[in-house]
Every structure is written in structure tokens, then in C-alpha cells.
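There are 2 protein chains.
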Amino acid sequence: MPNTVSQKTIGRLSLYRRLLQALANKGVKYIYSHQIAVIASATAAQVRRDWMAIGYSGSPTKGYEVAELIDAIGKFLDSPKEQKVALVGIGNLGRAILIFFAGRRPKLNIVAAFDNDPYKVNRVIHGCKCYHIDQLKTVSDETGIDVGIVAVPASEAQKAAEKMVAAGIKGILNFAPTPLRVGNNVYVEDIDMTMSLEKVAFFARQGNFERNFTSGEYE
Amino acid sequence: MPNTVSQKTIGRLSLYRRLLQALANKGVKYIYSHQIAVIASATAAQVRRDWMAIGYSGSPTKGYEVAELIDAIGKFLDSPKEQKVALVGIGNLGRAILIFFAGRRPKLNIVAAFDNDPYKVNRVIHGCKCYHIDQLKTVSDETGIDVGIVAVPASEAQKAAEKMVAAGIKGILNFAPTPLRVGNNVYVEDIDMTMSLEKVAFFARQGNFERNFTSGEYE
DNA sequence: TATCAATTGTGAACTATATAACAGTGTGAT
DNA sequence: ATCACACTGTTATATAGTTCACAATTGATA
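Chains A and B, in that order, give the protein sequences.
So the first sequence is numbered by this note's numbering: it starts at 195 and just counts up by one.
So the second sequence is numbered by this note's numbering: it starts at 195 and just counts up by one.
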């Protein structure tokens with residue numbers, strides 16, 4: 195495994211950055227690990243470990259400098275150049291995703307959407323041009339798309355993923371309720387809402403779960 | 195921790211069931227652990243371990259009986275009575291969620307939607323009655339809601355969660371891009387699309403990740 | 001300047017989860 | 001009837017991730 199920073203840490207870094215950005219906007223300059231832990235629902239130790247992973251140090255008396263920290267996370271997480279995203283599937287969910295992500299990250303934008311429904315092709319939805327799925331490779335070659343989002347029904351998902359791989363896409367965010375089988379040079383992250391809801395329903399019946407806001411360290 | 199079955203296993207059981215149901219519909223009667231492993235992107239050993247967790251046994255020669263297995267998962271995962279779900283936030287994402295879940299699980303349905311926008315209240319959207327958020331406790335007491343879905347902007351999410359907890363909801367599926375702080379008798383599952391997309395974008399740049407379709411056991 | 005209090009950075013311990021290894025089992029072929 | 005095979009069930013081992021615990025650090029205070 196070439197990269198030494200854990201997958202979970204990568205996810206949390208994204209979260210921390212968002213929370214820190216909100217704090218910075220409120221004028222907060224410094225923050226301690228236990229403070230960010232509270233708002234991120236983590237523990238202070240975990241926060242410090244995550245900073246360690248990206249090699250950022252704070253001061254024992256002042257804590258961490260918020261602006262610098264945001265910057266350090268950006269240097270670690272973000273691509274130096276813009277990364278372009280393609281959405282496949284312009285149904286209800288696809289459109290909601292399109293709107294949700296619009297303008298959320300400056301260097302990570304959905305630049306094109308694809309569907310197999312001819313009625314959706316060649317329109318512009320929420321500022322995003324729509325193409326037929328068969329144009330994926332062409333458009334991708336032209337614009338340099340790195341990441342794909344699958345928002346098609348389960349029955350279409352594998353086909354969509356294969357077209358993405360053929361178009362040279364190296365990372366897929368999969369909303370379809372089925373696993374994708376792709377080569378292991380392509381990273382897939384699944385968002386399986388059905389699974390998540392069933393999990394919630396299950397644990398809602400179980401009672402108690404030791405989720406720690408009261409980080410052991412700070413009572 | 196009262197329950198002995200791992201959180202990850204619970205999630206996979208939900209997935210297995212869906213995949214098995216699809217197989218059953220195609221007329222498949224028996225299946226081996228390595229077969230389900232392939233379609234679930236897992237390993238055969240993991241599948242057997244997951245079955246073990248719910249105490250279901252197969253035959254060394256015939257494998258697992260699909261219909262029985264679906265049944266066994268249901269007995270373990272599902273509530274004996276219907277579990278009702280409330281959706282809070284009827285924006286783009288909320289509506290997409292409503293449509294997505296409609297009829298997906300027989301005993302797990304979104305029975306009411308809530309928003310603070312007076313224009314959305316008292317309408318019926320996709321077969322689901324809409325109420326003002328302040329009616330959450332009343333409606334919940336009347337109908338017996340167990341699970342909540344948060345689909346509001348980050349700025350509103352904590353408030354929405356607190357109202358859910360006050361209404362006696364014990365499990366929350368959170369789509370808002372911010373952690374929720376609730377007591378530890380309430381289970382929260384986060385679906386953080388921004389985090390997931392950033393993770394994909396990050397790993398898309400990294401190359402190779404040892405994802406195993408080639409389960410070690412079956413070359 | 002010396003002491004104090006709060007926090008950091010990090011090795012070590014722990015917990016959760018996944019993989020491997022293999023004895024046990026049931027069926028079909030001989 | 002016995003054997004060989006392909007699988008299961010489960011224990012043992014390995015890996016990933018989290019928390020603990022404490023020495024080191026630094027600014028504030030007397």
C-alpha cells in the first residue's frame with residue numbers, strides 16, 4: 195500500500211477543513227485539539243494523530259493556527275490542478291447531487307453530465323452540460339475528467355462504471371445500490387443509502403452504543 | 195457494547211440480502227460463499243464469517259439455500275413490526291431521497307416529511323404527507339416514528355437533530371455535511387457526500403489500492 | 001529566574017475488522 | 001464401502017484504526 199495515511203484519516207481531513215473554514219469565517223485564529231474534537235465528534239488524540247499524518251504541528255500553549263492548518267490540509271488533500279468530475283445519471287438523485295455539489299469545492303467541479311435518455315441530452319441542467327453516455331470518452335479526453343459519479347439505477351451501474359474506466363477515470367463515487375467491479379487501479383467509494391438506512395433502523399432498536407463526545411481524555 | 199455483531203457486518207448483511215433477492219428472482223436456489231463474495235466484492239471467508247454471526251449454516255456440498263438465507267437475514271436485521279421513518283428537509287436532496295426509498299423496503303417506509311418552509315407544509319409529495327417541523331413530536335407520537343433522515347443544510351442540521359431526539363427518535367441518517375451532537379442512546383449514521391467525493395478525488399491520484407476481487411482464497 | 005498549568009507529539013496498548021488456515025462434512029464416483 | 005473432492009465452520013493470525021498515557025514544550029505568573 196503505497197500511501198501511508200489511512201483512508202479514514204483522509205475522510206476526516208476533509209471534514210476538519212470544512213469545520214475549520216467555518217471557524218475561520220467567524221474570526222477564530224487558534225484552536226486546540228480538544229475543541230476541534232468536540233465539533234468534529236472525534237477525540238482529541240485522534241485529531242492530533244490526524245495532524246501528525248500530514249505533518250502539521252501546533253504550539254503547546256496556543257494550539258493550532260487555523261488559517262495555516264486549512265492551508266496544510268489543502269496542500270495534502272487537493273490536487274495542484276483542478277480535478278474535473280463527470281456525473282452519470284441525470285435522474286432525481288443525479289440532479290440533486292448536481293445541485294448539492296455546485297460550487298462546494300473550488301477545485302473539484304462537476305463539468306459534465308451523462309445519461310442514456312435522449313430527452314436529457316444536449317440540455318444544460320444547473321449550469322452543467324448534458325451528453326449522451328456514449329460521448330463519455332470523447333468528452334473526457336477533451337476536458338480531462340478524473341472522477342466519476344454513478345447515479346444510475348442498480349441495473350445500469352456496472353455498465354456505467356465500465357464506460358468510466360474505459361474513459362480513463364481513476365476514481366468513482368457510486369450511489370447505485372450495488373457494488374461495482376472495476377480493476378484495482380480504480381478507486382471506488384460507495385454511498386449505499388439503503389444499507390445505511392437499514393443500519394440505522396437496526397441500531398435504533400439496540401439501545402446504547404458508546405459514541406464518545408465525552409472524549410476519555412477530557413472527562 | 196451489548197450487541198456482538200460488528201457494525202460492518204450489519205451493513206454487509208443488508209447488501210447480501212439485496213443481492214440474494216436479485217438471484218432468487220432469477221431462480222437461483224443455492225449459492226456458495228465464493229459466488230456471493232464475487233458479486234458483493236468481498237471475500238469468501240468474510241461471507242462465511244458474516245453468516246456465522248447470524249447463526250446461519252450451509253451445506254458443505256450444496257452451499258447455502260438462497261430463500262432460507264434471505265429469511266435468516268430478515269429475522270436478524272428487521273424489526274418484527276414496521277419501522278417508520280421521518281424525513282426532515284424537503285429540498286432537492288430530500289425529494290430525491292423520498293423517491294429513492296419509496297417502496298424499497300416493505301417494513302421500512304418514510305411516512306412523513308417535515309420542513310420549516312410554510313409553502314411545503316400540508317402538501318403531499320410523492321405519496322408522503324408534509325408537515326411543519328414543529329409538528330414532528332406530535333406526528334411522531336401519533337404514528338410511532340423510529341428513525342429520522344436529516345436532509346437540511348448544515349446550518350439547520352443540529353436543530354433538526356435535536357427536534358428528532360426530543361420526538362423520541364433513536365436512529366438518524368444524516369445527509370447534512372456536518373456532524374450531529376446527540377446523546378449516546380441515539381445512533382447516527384453520516385452520509386457525507388462532500389467528504390466522499392474528496393476522498394475519491396484524493397485516491398484517484400494515488401494509483402493502486404489492493405482492492406480484492408481476486409479473493410486470496412480462490413486465486 | 002523558577003515554577004506552574006495546559007497542551008502537544010508520539011510510542012505503546014488496545015479494539016475492531018479482515019484474512020488465512022485447516023479440520024470436519026456430505027455427496028458422487030469408483 | 002471407501003475415497004476424493006469441494007465446500008463449510010471456526011480458530012488463529014494479521015492488519016487497520018483508535019485510545020491511552022506520559023515526557024517534552026511553552027507561555028504565563030510570581
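Virtual Cβ for every residue (Gly too), placed ideally from N, Cα, C.
Report the three-state DSSP secondary structure of residue i (helix, strand or coil).
i: Asn219 of chain B; result: helix
i: Gly268 of chain A; result: helix
i: Leu207 of chain A; result: helix
i: Lys278 of chain B; result: strand
i: Ala380 of chain B; result: It should be noted that the sequence gives Val, not Ala, for residue 380 of chain B. Three-state DSSP puts Val380 of chain B in coil, outside helix and strand.
i: Asp386 of chain B; result: coil
i: Glu404 of chain A; result: Per-residue confidence for Glu404 of chain A stands at a pLDDT of 47, beneath the threshold of 50, marking its modelled position as unreliable; the derived number appears in the next sentence. Glu404 of chain A: coil per DSSP, three-state reduction.
i: Gln201 of chain A; result: helix
i: Ile420 of chain B; result: Residue 420 of chain B cannot be examined here, being either before or after the span of chain B that is shown, 195 to 413.
i: Glu411 of chain A; result: Because Glu411 of chain A sits at a pLDDT of 40, beneath the cut-off of 50, its placement in the model cannot be relied upon, and the point is left open.
i: Lys367 of chain B; result: Inspection of the sequence shows that residue 367 of chain B is occupied by Leu rather than by Lys. Residue state, collapsed to three classes: strand.
i: Phe238 of chain A; result: According to the sequence displayed, residue 238 of chain A carries Ala and not Phe. Residue state, collapsed to three classes: helix.
i: Gly285 of chain A; result: coil
i: Arg243 of chain B; result: helix
i: Leu391 of chain B; result: helix
i: Ala354 of chain B; result: helix
i: Leu374 of chain A; result: coil
i: Phe397 of chain A; result: helix
i: Ala296 of chain A; result: coil
i: Ala416 of chain B; result: The structure shown does not extend to residue 416 of chain B, since chain B spans only 195 to 413, so no value can be given for it.
i: Ala290 of chain B; result: helix
i: Ala360 of chain A; result: helix
Name, please, each residue of chain B whose Cβ falls closer than 7 Å to the Cβ of residue i.
i: Asp311 of chain A; result: Residues of chain B passing the Cβ test: none, with the nearest at roughly 16 Å.
i: Tyr258 of chain A; result: Per Cβ cutoff of 7 Å: no residues; Tyr258 of chain A is ~19 Å from chain B at best.
What does DSSP give as the partner residue(s) for residue i in the beta ladder?
i: His326 of chain A; result: A:Asp309
i: Ala345 of chain A; result: Bridge partners of Ala345 of chain A: none, in fact.
i: Leu302 of chain B; result: B:Gln277
i: Gly257 of chain B; result: B:Ser253
i: Val318 of chain B; result: B:Lys323
i: Tyr224 of chain A; result: A:Glu259
Within the present structure, is the beta-carbon of residue i separated from the nearest heavy atom of the ligand FAD by less than 7 Å?
i: Val260 of chain B; result: Looking at this structure, you won't find the ligand FAD or any other ligand, since it has none at all.
Using a Cβ cut-off of 8 Å, pull out every chain A residue sitting near residue i, in sequence order please.
i: Ser251 of chain B; result: The contacting residues do not exist; Ser251 of chain B stays about 22 Å from chain A at best.
i: Ala306 of chain B; result: Those do not exist, as Ala306 of chain B stays about 15 Å from chain A at its closest Cβ, beyond 8 Å.
Whose Cβ in chain B lies nearer than 9 Å to the Cβ of residue i?
i: Val341 of chain A; result: Leu391, Val394, Ala395, Ala398
What does residue i reach in chain B if we use C-beta pairs closer than 8 Å?
i: Pro373 of chain A; result: Leu209, Ile233, Ala234, Ser235
i: Leu302 of chain A; result: Leu391, Glu392, Ala395
Is the segment 289–297 of chain B in contact with the segment 287–305 of chain A, if contact means three or more CB pairs nearer than 8 Å?
-> yes
If you measure beta-carbon to beta-carbon, which residues of the segment 200–227 of chain A are closer than 9 Å to chain B?
-> Gln201, Ile204, Gly205, Arg206, Leu207, Ser208, Leu209, Arg211, Arg212, Leu213, Ala216
Could you list the residues in the segment 314–338 of chain A with a C-beta less than 8 Å from some C-beta on chain B, going in chain order?
-> none
Chain-ordered residues of the segment 272–284 of chain A with a beta carbon less than 9 Å from chain B | Asp272, Ser273, Gln277, Val279
Closer than 9 Å, Cβ to any Cβ of chain A: which residues of the segment 227–248 of chain B, in chain order?
-> Val232, Ile233, Ala234, Ser235, Ala236
At a Cβ cut of 8 Å, what residues of the segment 287–298 of chain A count as close to chain B, listed as they run along the chain?
-> Leu287, Arg289, Ala290, Ile291, Ile293, Phe294, Phe295, Arg298
Along the segment 351–366 of chain A, what residues have a CB closer than 8 Å to any CB found in chain B?
-> Ile363, Lys364, Gly365, Ile366
Closer than 9 Å, Cβ to any Cβ of chain A: which residues of the segment 384–401 of chain B, in chain order?
-> Asp384, Ile385, Asp386, Met387, Thr388, Met389, Ser390, Leu391, Glu392, Lys393, Val394, Ala395, Phe396, Phe397, Ala398, Arg399, Gln400, Gly401
Inspect the CB distances between the segment 227–237 of chain B and the segment 358–375 of chain A and report whether three or more fall short of 8 Å.
-> yes
Using 8 Å as the threshold, is the segment 310–324 of chain A in touch with the segment 315–331 of chain B, meaning 3 or more CB pairs across them?
-> no
So, do the segment 327–343 of chain B and the segment 278–287 of chain B have three or more beta carbon pairs nearer to each other than 8 Å?
-> yes
Specify whether the segment 385–398 of chain A and the segment 376–384 of chain B touch according to this definition: at least 3 beta carbon pairs, one from each stretch, less than 8 Å apart.
-> yes
Stretch pair the segment 264–279 of chain B + the segment 204–219 of chain B: three plus CB contacts closer than 8 Å = yes
Please determine if the segment 225–234 of chain A and the segment 257–265 of chain A are in contact, where contact requires at least 3 C-beta pairs separated by less than 8 Å.
-> yes
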